[in-house]
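Here the structure is laid out as structure tokens; the discussion comes afterwards.
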Amino acid sequence: ASNYTLTSTSKKRTAVVVGATSGIGEACAHRLAEQGYTVIAVGRNKPGRGDEIVSTLESKSKTVPSGSEHESNTATLPKHEFRSLDAFSLKDVKIVAEEIAKDHEVIDALIMTQGMATTQGFTPTEEGNDEKLTLHYWSRITMTLFLLPSLRRSTMAGGSVVLSVLSGGVHGPYQNYKADPELRINYGIKNVADYAGFYTDLGLDYMALRDSNSGVNFVHASPGFVNTNWGQEFGVLIKCFVRMMQPLGRKASDCAEFMLGPTVFASDYSDALPTKSGNRDEEGGVWIIGEDGQSKDLTSLHSTEASKFVW
Numbered sequence: 049a050s051n052y053t054l055t056s057t058s059k060k061r062t063a064v065v066v067g068a069t070s071g072i073g074e075a076c077a078h079r080l081a082e083q084g085y086t087v088i089a090v091g092r093n094k095p096g097r098g099d100e101i102v103s104t105l106e107s108k109s110k111t112v113p114s115g116s117e118h119e120s121n122t123a124t125l126p127k128h129e130f131r132s133l134d135a136f137s138l139k140d141v142k143i144v145a146e147e148i149a150k151d152h153e154v155i156d157a158l159i160m161t162q163g164m165a166t167t168q169g170f171t172p173t174e175e176g177n178d179e180k181l182t183l184h185y186w187s188r189i190t191m192t193l194f195l196l197p198s199l200r201r202s203t204m205a206g207g208s209v210v211l212s213v214l215s216g217g218v219h220g221p222y223q224n225y226k227a228d229p230e231l232r233i234n235y236g237i238k239n240v241a242d243y244a245g246f247y248t249d250l251g252l253d254y255m256a257l258r259d260s261n262s263g264v265n266f267v268h269a270s271p272g273f274v275n276t277n278w279g280q281e282f283g284v285l286i287k288c289f290v291r292m293m294q295p296l297g298r299k300a301s302d303c304a305e306f307m308l309g310p311t312v313f314a315s316d317y318s319d320a321l322p323t324k325s326g327n328r329d330e331e332g333g334v335w336i337i338g339e340d341g342q343s344k345d346l347t348s349l350h351s352t353e354a355s356k357f358v359w
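Take the sequence shown: its letter number 169 is residue 217 in the numbering used here, and every next letter is one higher.
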């Protein structure tokens, strides 16, 4: 999937992984630990989960091949962390992000994979936002905004990376973004998927084009069909079908390699990220990549005007 071997990086690196308790997020956290990164794993908590996650990450860090700077002095092994988060609450997202930024002046990568798969209609959180859109878009933008000061201080050769793993290059445009900007009227399965993906493109693009973020790479990726516990919120019949199909999906560890290799690791090694393609009003902006790390297109409605309107 990539040419970046399981070795410790030569410099101290820190990555925040939201959704690190299972699936693609967990696999990304493991791969980053193998590469020598300090991982701040963020996700839902339950008794013993935090200690278990940190212990697993520590075991991954100890697989560093001989000859690395860590081998002779275990005290320099990364000190991984677990931060509990209710991603349905934007207030909680803000608090956790601020705490991480306070404790970590420099962050080199932010990977976000939190999400859910349901056929439910508009389901408000305690703050009044839709649950699915909160996980897929609002919580991710909020986390990014509050961690940007730390991301700007990264010394990675190619710049720090914000990676939102959702539907880059797969979703369609959300046609009613002006008439129904919060999806209160036209809520439906397709509109929800297009809304989250379209808004992610626009939101990350808006941040990417700010001069203050010139040293940060913003990436929206689609993981493809992956063999995880995705779809556990579905009803019984749909869930059974998904579980039958899951063995045909890509392993989460392979998916993590395709997500991280062309983005985080490429930037760390001063290699070029995938070539940007698609409909662009301005040079630069967000990267869109597919399940194999390949460049994908923006939607036909993507524009600077739409980005400013959504923001």
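Where is the CB? At the ideal position from N, CA and C, for every residue including glycine.
Every unbroken beta strand (DSSP E) inside the region 129-216 [3 residues or more]: Counting only unbroken stretches of 3 or more residues, the beta strand (DSSP E) elements lying wholly within the region 129-216 are 129-132, 157-160, 208-213, in sequence order.
Same chain only: Cβ atoms within 7 Å of F130, ignoring 5 sequence neighbours per side: What you label residue 130 is simply residue 82 of the sequence shown in a count that begins at 1. Here the set comprises A89, G98, I101, V102.
Cut-off 7 Å between Cβ atoms - residues of its own chain near G169, not counting five sequence neighbours on either side: Numbered from 1 along the sequence shown, position 121 holds the residue referred to as residue 169. Shown here for G169: same chain residues with a beta carbon closer than 7 Å to its own, the five before and five after excluded, namely Y235 in chain order.
Residues bridged to R298 [DSSP beta-bridge criterion]: As a first step, residue 298 must be located in the sequence shown, where it is residue number 250. Its beta-bridge partners are V274.
Residue environment, P172, which counts as buried when at least 16 other CB atoms sit within 10 Å: Your numbering for residue 172 matches position 124 in the sequence shown. The residue is exposed, with fewer than 16 neighbouring Cβ atoms inside 10 Å.
Residue range of the unbroken beta strand (DSSP E) whose run includes F266: Translated into the one-based positions of the sequence shown, residue 266 becomes position 218. 264-269 is the span of the beta strand (DSSP E), which, as asked, contains F266.
Burial state of T167, where buried means 16 or more other Cβ atoms lie within 10 Å: As a working note, residue 167 is residue 119 in the sequence shown. Around the beta carbon of T167, fewer than 16 other beta carbons lie within 10 angstroms, which makes this residue exposed.
Boundaries of the alpha helix (DSSP H) in which T248 is found, first to last residue: For the purposes of this step, residue 248 is identified with residue 200 of the sequence shown, where counting begins at 1. According to the DSSP assignment, T248 belongs to the alpha helix (DSSP H) that extends over 237-256.
Residues that I88 bridges to, as DSSP identifies them: Position 40 of the sequence shown, counting from 1, holds the residue named residue 88. Looking at the DSSP assignment, I88 forms a beta bridge with V64, E129.
Reduced DSSP secondary structure (H/G/I, E/B, other) of S351: Along the sequence shown, read from residue 1 onward, the residue named residue 351 stands at position 303. Secondary structure of S351 (DSSP, three-state): coil.
S318 in three-state terms, based on DSSP: In the sequence shown, counting from the first residue as 1, residue 318 sits at position 270. When secondary structure is reduced to three states using DSSP, S318 falls in the coil class, being assigned neither helix nor strand.
As assigned by DSSP and simplified to three states, the class of I72: Working through the sequence shown from its first residue, we reach residue 72 at position 24. In the three-state reduction of the DSSP assignment, I72 falls in the helix class, which pools H, G and I.
Residues near L257 in its chain [Cβ-Cβ closer than 7 Å; skip 5 each side]: Translated into the one-based positions of the sequence shown, residue 257 becomes position 209. Excluding the 5 residues flanking it on each side, L257 has same chain C-beta neighbours closer than 7 Å at E330, G332, G333, in chain order.
Three-way DSSP call (helix, strand, coil) for S343 in this model: For the purposes of this step, residue 343 is taken as residue 295 along the sequence shown, with counting starting at 1. Three-state DSSP puts S343 in a strand.
Minimum C-alpha distance to F306 - residue among V213, D259, D249: Within the sequence shown, residue 306 is the residue found at index 258, counting from 1. Checking every option, the nearest Cα to that of F306 belongs to V213.
Range covered by the alpha helix (DSSP H) that runs through I233: Along the sequence shown, read from residue 1 onward, the residue named residue 233 stands at position 185. For I233, there is no enclosing alpha helix (DSSP H), as DSSP gives it neither H nor E.
Where the beta strand (DSSP E) through W359 begins and ends: As a first step, residue 359 must be located in the sequence shown, where it is residue number 311. Premise fails: W359 is in no beta strand (DSSP E) and is neither H nor E.
Cβ neighbours of L199 in the same chain (closer than 7 Å, five flanking residues each side left out): Walking along the sequence shown from the start, residue 199 turns up at place 151. Only I155, L158, S208, V210, V264 meet the Cβ criterion.
Top-ranked residue by Cα proximity to K142, from M191, E353, W335, L80: Residue mapping note: residue 142 aligns to position 94 of the sequence shown, counting from 1. For K142, the nearest C-alpha among the options comes from M191.
Among R232, G206, H219, Q223, the one whose alpha carbon lies nearest that of D316: Within the sequence shown, the letter at position 268 stands for residue 316. When C-alpha distances from D316 are compared across R232, G206, H219, Q223, the shortest belongs to G206.
Outcome for E146 when other beta-carbon atoms lying within 10 angstroms are tallied against a minimum of 16: Stepping through the sequence shown from its first residue, residue 146 is reached at position 98. Classification for E146: exposed.
Distance, T86 Cα to D340 Cα: Counting from one through the sequence shown, the residue named residue 340 turns up at place 292. Counting from one through the sequence shown, the residue named residue 86 turns up at place 38. One C-alpha to the other measures close to 25 Å.
Segment limits, alpha helix (DSSP H) that includes K108: What you label residue 108 is simply residue 60 of the sequence shown in a count that begins at 1. It spans 97-109 - the alpha helix (DSSP H) in which K108 sits, taken as one unbroken run.
Straight-line gap, D253 to N261 (C-alpha atoms, nearest Å): Translated into positions along the sequence shown, residue 253 becomes position 205. Translated into positions along the sequence shown, residue 261 becomes position 213. Distance from the CA of D253 to the CA of N261, rounded to the nearest whole angstrom, comes to 11 Å.
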